[in-house]
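Worksheet: one structure, shown below.
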Amino acid sequence: MESLAYKILPVILIFVLGYILKMFGVLKQDHGDVFMKVVFYLSLPALIILSLTRVELSVEYAWLPLISFTIIMIQFMVSFFVGKVMKLDRRTHGVLLAGTMIMNIGFVLPFIIAAYGDEGLALLAMFDVSNAILAFTLVYYLACRYGEHGNSSKLLVKKFLFSPPIWALTAGIILNLTNTEIPAVPANLFQILGDLTIPLIMIALGIFFNLKLIKPVPVFAGIAIRMLLGFGIGLAFCYVLGLEGLIRTIVLIGASAP
């Protein structure tokens, strides 16, 4: 436990540093957006490929996207019912649905990498597959239906198909299953890029952090559905499927991600 705390504490301190730099005007919202783009297009794909080539894939990995898909669909039905009971206006109901259906894996990613390394990241990437697919399909459809405007469906499909993390996940699995070793130069390049992931995400989260609360009742309802219900469903899956060890930890953390 003490060793885990030593791994997690620096990650939290980077978040605090990002927030302090924002408070002093050194960093602004736009900087956070740029940092997250670097993570999405460069550092995270590099890290995913490296991690997947360093671990031994097992049959249990196949359960992860199925578990996350089921959790999200259950939360969709619960959020739909809760929104009706609370008599939320159309747009607020739409935000509740989208907010409870999207697992913010990016928030827990730095902690998983710091605490559990390559295997933790590989498991989390598999768990996130269904989350990514539903975000670009069902959640997008609901956002258009409940909102006033929406992006072109073709643009969303294009963003998903050309998503670097999705391609990195595919490439990493292929390299793993074919026992293909990455040459030294690309491997070192991927490692350098991958090492940027934790600091960039946590600094960006520090920049984005805001304590301002709007419509607290729907917000807390969304938090309860996303995190508490998600954890409960994830725990039920772990018992039913007999999941133990790191894969159990990843399911519980991913299921309750904010």
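First residue of the sequence shown: 1372, per this note's numbering; consecutive thereafter.
Glycine included, each C-beta is placed from N, C-alpha and C at the ideal position.
Note that the structure is predicted; figures quoted are calculated from it, not measured.
What first and last residue would you give for the alpha helix (DSSP H) that runs through Val1510? Leu1509 to Tyr1517
Determine the closest residue to Val1510 out of Leu1492, Ala1469 and Leu1437, with distance taken between C-alpha atoms. Ala1469
Cβ contact (3+ pairs, closer than 8 Å) linking the segment 1587-1598 and the segment 1460-1476: yes
Could you pull the start and end residues of the alpha helix (DSSP H) that Asp1489 belongs to? Ile1476 to Ala1506
Pick out whichever of Ser1627, Met1457, Val1611 and Ser1534 has its Cα sitting closest to the Cα of Leu1415. Ser1534
Which value, in whole angstroms, describes the spacing of the CA atoms of Leu1614 and Asp1401? 41 Å
Residues in the same chain with beta-carbon distance under 6 Å from Gly1454, minus the five sequence neighbours each way, listed in chain order, please. His1464 and Leu1467
Taking Cβ positions, are Ile1624 and Phe1386 nearer each other than 9 Å? no
Among Tyr1390, Lys1378, Ser1429 and Val1382, which residue has its Cα nearest to the Cα of Asn1547? Ser1429
Cβ of Gly1565 within 9 Å of Cβ of Ala1496? no
What is the DSSP secondary structure of Glu1427, counted as helix, strand or coil? coil
Return the CA-CA distance between Met1407 and Ile1572, expressed in angstroms with no decimal places. 6 Å
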